[in-house]
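Enquirer: Chains as they are written, first to last, in full-length UniProt numbering: chain A, 1 to 266; chain B, 1 to 266. To start, I am sharing the structure in question, which I have written as structure tokens.
There are 2 protein chains.
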Amino acid sequence: MKHASASVQTTPVIAVVLAAGVGHRFDPDQPKQLVTIEDKPIVVWSIEAFEQNPRVTDILVVVSEAVHDAIGELVEANRYSKVRALLQGGKERSDSTEAALAMLAKAGVPGNAKVLIHDSARPFVSQEEIDGCIDALGEFTAATVACPSTDTILLTGDLGDRQAVRSVPERRHSFRAQTPQGFRFETIRKAYDLAADDPDFRPTDDTRVVVDYLPDEPVAIVAGSPSNMKVTTKDDLPMARLIAQTVVKRREAKAKVRAIFNQALG
Amino acid sequence: MKHASASVQTTPVIAVVLAAGVGHRFDPDQPKQLVTIEDKPIVVWSIEAFEQNPRVTDILVVVSEAVHDAIGELVEANRYSKVRALLQGGKERSDSTEAALAMLAKAGVPGNAKVLIHDSARPFVSQEEIDGCIDALGEFTAATVACPSTDTILLTGDLGDRQAVRSVPERRHSFRAQTPQGFRFETIRKAYDLAADDPDFRPTDDTRVVVDYLPDEPVAIVAGSPSNMKVTTKDDLPMARLIAQTVVKRREAKAKVRAIFNQALG
């Protein structure tokens with residue numbers, strides 16, 4: 001696969017922030033994207049991560065009807081310069097990705113554009129993780145942030161009304177998928193086109209679409225971290241608050257160092 | 001496989017608490033088993049969980065030389081009635097399990113005994129998880145506590161100096177192994193005997209020994225929970241403290257209900 005213009009400066013880097021999920025495991029009456037952690041709604045944490053990355057050129061936010069207006073107001077209030085559109089998503093996660101890909105195609109985005117698909121429920125994605133994804137897409141057509149599993153993973157099968165262990169993959173080869181998951185635009189589009197013909201298609205993960213339908217395209221692993229956690233249930237909120245406090249402190253320390261440095265430069 | 005006396009009352013239920021690990025990912029100078037969380041060393045939390053379960057008949061604690069005396073003093077100070085021995089473990093986790101199995105064989109433990117192997121770095125194992133393991137061993141010869149993975153799991157392979165995704169198992173069949181992992185004594189002994197002949201044998205997980213060497217013995221999954229976390233690095237301590245506080249509150253509430261109930265009974 002050839003990329004016409006592979007230099008970072010001329011290739012668009014488009015972040016797709018998925019914020020359409022209902023969060024059945026959270027609270028049906030309170031969309032988790034809008035829950036505030038350290039004075040900032042989860043979806044704002046997520047959008048900001050990409051807004052602040054100098055290599056990201058454009059952001060699409062995929063929303064549901066239920067959160068459309070609230071997120072629209074947040075985007076307006078924060079005056080994000082890169083958010084191009086709030087886009088209506090679908091019922092399943094894959095419907096939302098498909099809607100975003102269709103909009104990008106309509107907008108004439110080139111095939112070699114780097115598309116970073118991010119789950120808005122992972123508010124603490126780091127700049128290193130985003131950069132790692134963009135870098136890996138210089139060499140690969142697909143890459144995903146993932147964290148080595150500290151627990152041994154068990155793959156199971158049904159046994160009566162129970163699950164029983166089928167196999168135990170080696171721990172050093174077991175990773176927990178996080179996001180962003182990055183793809184050259186033509187790669188993820190092709191994978192979704194192939195998948196569209198499959199009636200059993202209902203992936204919970206975009207990487208899976210490439211692995212299953214384009215098995216010859218290697219998907220690179222980009223080093224993630226436990227801080228890039230997903231808020232799934234209310235039980236995740238105390239941990240999310242702890243991480244948010246650490247992130248805020250780290251940013252303040254960095255800003256201080258930068259200020260001292262600038263002052264020293266006169 | 002037949003069990004001569006399968007009733008709960010006559011079959012020994014032996015907990016093996018593994019506390020010999022060095023914890024390279026924690027702090028080589030401070031054994032994590034001895035770190036105090038809510039006024040209690042981690043290893044004490046773990047031993048107490050089994051001491052308090054009325055169905056557990058005996059406890060073996062596997063230690064290293066470095067922590068032998070400290071854990072010995074804790075066991076003495078707490079006057080645990082079920083702790084039969086502090087046993088010297090080995091360098092690898094599997095060496096420690098093997099040492100425990102050898103001691104049980106020497107002590108004449110019957111083949112149908114239920115052996116629950118627990119990682120002392122999981123201090124907040126619940127009574128439901130221990131009971132679930134004991135119950136499952138009424139029907140199966142092996143069972144492990146495990147938690148459904150909320151993250152999609154990626155299985156990788158080497159690609160140059162990177163990891164690349166090889167396959168993406170279905171999320172509903174992806175579990176994170178926890179402990180206790182329970183086995184009929186004759187089953188785990190046989191699996192370890194077979195494994196001993198394999199020079200490449202270095203499992204990080206006892207369930208894996210059964211799955212790999214006794215593939216016809218189904219290993220049942222017992223419902224675990226995120227609270228049954230493993231303390232691996234210092235970054236895990238804030239979460240561990242949060243869970244400890246919840247556990248303490250829950251126990252106090254239970255004790256209060258029990259007191260009110262007893263009072264009402266006169």
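All residues carry an ideal CB built from backbone N, CA and C; glycine is no exception. Treat the numbers as computed from the prediction; the structure is a model and nothing was measured.
Kindly give me the distance between the Cβ atoms of residue 20(B) and residue 81(B), rounded to whole angstroms, as I take these residues to be in contact under 8 Å.
Expert: Not a contact, Cβ separation roughly 23 Å.
Enquirer: Skipping 5 residues on each side, what residues in its chain have a beta carbon closer than 6 Å to that of residue 244(B)?
Expert: Within the same chain, residue 244(B) has close Cβ partners 37, 38.
Enquirer: Would you please verify whether the beta carbon of residue 54(A) is less than 9 Å from any beta carbon of chain B?
Expert: Chain B contact via Cβ: absent.
Enquirer: Using a Cβ-Cβ distance cut-off of 9 Å, determine whether residue 86(A) contacts chain B.
Expert: No, residue 86(A) does not count as interfacial toward chain B.
Enquirer: Note the first and the last residue of the continuous beta strand (DSSP E) segment covering residue 118(A).
Expert: Residue 118(A) -> beta strand (DSSP E) spans 114-119.
Enquirer: Where does residue 294(B) fall in DSSP's three states?
Expert: Past the boundaries of the shown model lies residue 294(B); chain B is included only from 1 to 266, so the question cannot be answered.
Enquirer: If the cut is a Cβ gap below 7 Å, which residues of chain B does residue 157(A) touch?
Expert: Ordered by position in chain B, the residues that pass the 7 Å Cβ test against residue 157(A) are 173.
Enquirer: Under the three-state reduction of DSSP, which class applies to residue 212(A): helix, strand or coil?
Expert: Three-state DSSP puts residue 212(A) in a helix.
Enquirer: Assign residue 54(B) to buried or exposed, taking buried as 16 or more other Cβ atoms, counted over all protein chains shown, within 10 Å of its Cβ.
Expert: Classification for residue 54(B): exposed.
Enquirer: Which runs of the beta strand (DSSP E), 3 residues or longer, sit entirely within the segment 8-48 of chain B?
Expert: Here the runs fully enclosed are 13-19.
Enquirer: Tell me, please, whether the segment 181-199 of chain B touches the segment 172-182 of chain A by the rule of three or more beta-carbon pairs shorter than 8 Å.
Expert: Contact fails: fewer than three Cβ-Cβ distances are below 8 Å.
Enquirer: By the three-class DSSP mapping on this structure, what secondary structure does residue 175(B) have?
Expert: Of the three classes helix, strand and coil, the one that applies to residue 175(B) here is strand, per DSSP.
Enquirer: Residue 140(B) CB to nearest chain A CB: under 9 Å?
Expert: Yes - at least one Cβ of chain A is within 9 Å of the one on residue 140(B).
Enquirer: Name, in chain order, the residues that DSSP records as bridge partners for residue 88(B).
Expert: Its beta-bridge partners are 63(B).
Enquirer: When we look at the beta-carbon of residue 129(B) and count the other beta-carbons within 10 Å, is it buried (16 or more) or exposed?
Expert: Its Cβ being crowded by 16 or more others within 10 Å, residue 129(B) is buried.
Enquirer: Could you tell me whether the segment 23-37 of chain B touches the segment 226-241 of chain B, where touching means 3 or more Cβ pairs closer than 8 Å?
Expert: Yes: at least three Cβ pairs fall under 8 Å.
Enquirer: In or out: residue 89(B) buried (at least 16 other Cβ within 10 Å) or exposed?
Expert: That one is buried.
Enquirer: According to a CB-to-CB cut-off of less than 8 Å, which residues of the segment 197-223 of chain B neighbour chain A?
Expert: So the close ones are 204, 205, 207, 208, 211, 212, 218, 219, 220, 221.
Enquirer: What residues in the segment 231-256 of chain A have a beta carbon less than 7 Å from any beta carbon of chain B?
Expert: Residues 232, 235, 238, 239, 242.
Enquirer: Can you tell me the Cα-Cα spacing of residue 143(B) and residue 59(A), whole angstroms?
Expert: Distance between the alpha carbons of residue 143(B) and residue 59(A) is about 47 Å.
Enquirer: In chain A, which residues lie less than 7 Å from residue 146(B) when you measure between Cβ atoms?
Expert: The contacting residues are 154.
Enquirer: Cβ closer than 7 Å: which chain A residues qualify as neighbours of residue 169(B)?
Expert: Those are 155, listed as they occur along chain A.
Enquirer: Going residue by residue through the segment 123-194 of chain B, where are the continuous alpha helix (DSSP H) segments of at least 4 residues, counting only ones entirely within it?
Expert: For the segment 123-194 of chain B, whole alpha helix (DSSP H) runs of length 4 or above, ordered along the chain, are 127-136.
Enquirer: Less than 9 Å separating the beta-carbons of residue 195(B) and residue 211(B)?
Expert: No.
Enquirer: Can you list, in chain order, the residues of its chain whose CB lies under 8 Å from that of residue 103(B), leaving out five sequence neighbours each side?
Expert: 60, 85, 87, listed in sequence order.
Enquirer: If you pair each beta-carbon of the segment 157-176 of chain A with each one of the segment 151-162 of chain B, do three or more pairs fall below 8 Å?
Expert: Contact holds: three or more Cβ-Cβ distances are below 8 Å.
Enquirer: Exposed or buried, residue 51(A), counting other C-beta atoms within 10 Å across all chains shown (16 or more means buried)?
Expert: Classification for residue 51(A): buried.
Enquirer: Ends of the alpha helix (DSSP H) at residue 100(B)?
Expert: Its alpha helix (DSSP H) spans residues 93-106.
Enquirer: Determine, using beta carbons only, whether residue 18(A) and residue 119(A) come nearer to each other than 9 Å.
Expert: Yes. Within cutoff.
Enquirer: By the 10 Å Cβ neighbour count, where 16 or more other Cβ atoms means buried, how is residue 261(B) classified, buried or exposed?
Expert: Its Cβ having fewer than 16 others within 10 Å, residue 261(B) is exposed.
Enquirer: Is residue 113(B) close to chain A? Criterion is C-beta to C-beta, closer than 9 Å.
Expert: Chain A, which has no Cβ nearer than 9 Å to the Cβ of residue 113(B), makes this no.
Enquirer: Within 10 Å of its beta-carbon, does residue 190(A) have 16 or more other beta-carbons around it, so buried, or fewer, so exposed?
Expert: With 16 or more other Cβ atoms within 10 Å, it is buried.
Enquirer: Can you give me the Cβ contacts of residue 149(A) inside the same chain, cut-off strictly under 7 Å, excluding the 5 residues immediately before and after it?
Expert: If we look at residue 149(A) and ignore the five residues flanking it on each side, its Cβ neighbours are 171, 174, 175, 176.
Enquirer: State yes or no: is the beta carbon of residue 151(B) nearer than 9 Å to at least one beta carbon in chain A?
Expert: Yes - at least one Cβ of chain A is within 9 Å of the one on residue 151(B).
Enquirer: Just the Cα atoms here: how many angstroms apart are residue 112(B) and residue 193(B)?
Expert: So the two alpha carbons sit approximately 17 Å from each other.
Enquirer: So which residues of chain E does residue 226(B) contact, with C-beta pairs closer than 7 Å?
Expert: As a matter of chain content, chain E is missing from the structure shown, whose protein chains are A and B.
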